[in-house]
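Heads up: the structure comes next, in structure tokens.
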């Protein structure tokens, strides 16, 4: 009889361990998918802003950008772009200025982030 109670106790303990592992796996997968959805939403916001065109002009890959920056940094740069007061200078820079990627957009509130990203690309 002692053998059966030990077996039942081990089976119950094993079942709890398997259930806990499956629960952790499910939560991890859900969080991964949630994070991907969040980053996709950020990508959509960036492409609708001048920031996306600025990245394209400087050959900054959007997916590389999204994976290398923190969400707080990305949101701050999106907010900077939305609140920018230099829209006419930005439009001139993006549309009419010669296509020289070495020209720094000194008017842009995100110029430091762009410079860091360009420097990372060159390394």
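Numbering (our numbering), first residue to last: 309 to 431. Idealized CB from N, CA, C, for every residue including glycine. Just so we're clear, the structure is a prediction, and the values are computed from it rather than from any experiment.
{"Query": "Close beta carbons around residue 359, own chain, < 6 angstroms, minus the five adjacent residues each side", "Result": "389"}
{"Query": "Contact under 9 angstroms by Cβ, residue 350 with residue 330", "Result": "no"}
{"Query": "contact_flag[the segment 355–369, the segment 415–426] where n(CB pairs < 8 angstroms) is 3 or more", "Result": "yes"}
{"Query": "Sufficient close CB pairs (3 or more, under 8 angstroms) joining the segment 369–385 to the segment 340–355", "Result": "yes"}
{"Query": "Close Cβ partners of residue 344 (< 8 angstroms) along its chain, the five nearest in sequence each way excluded", "Result": "none"}
{"Query": "Rounded separation between residue 435 and residue 334 - CA only", "Result": "The requested residue 435 is not part of the displayed model; the chain covers only 309 to 431."}
{"Query": "Three-state secondary structure (DSSP) of residue 366", "Result": "coil"}
{"Query": "Residue 366 beta carbon less than 9 angstroms from that of residue 426", "Result": "yes"}
{"Query": "Per-residue burial, residue 368 [other beta carbons within 10 Å of its own, 16 or more giving buried]", "Result": "buried"}
{"Query": "Limits of the unbroken alpha helix (DSSP H) element including residue 387", "Result": "379–390"}
{"Query": "Limits of the alpha helix (DSSP H) - the one that residue 412 falls within", "Result": "Unbroken run through residue 412: none, as it is neither H nor E."}
{"Query": "CA nearest to the CA of residue 382, picked from 393, 347 and 423", "Result": "347"}
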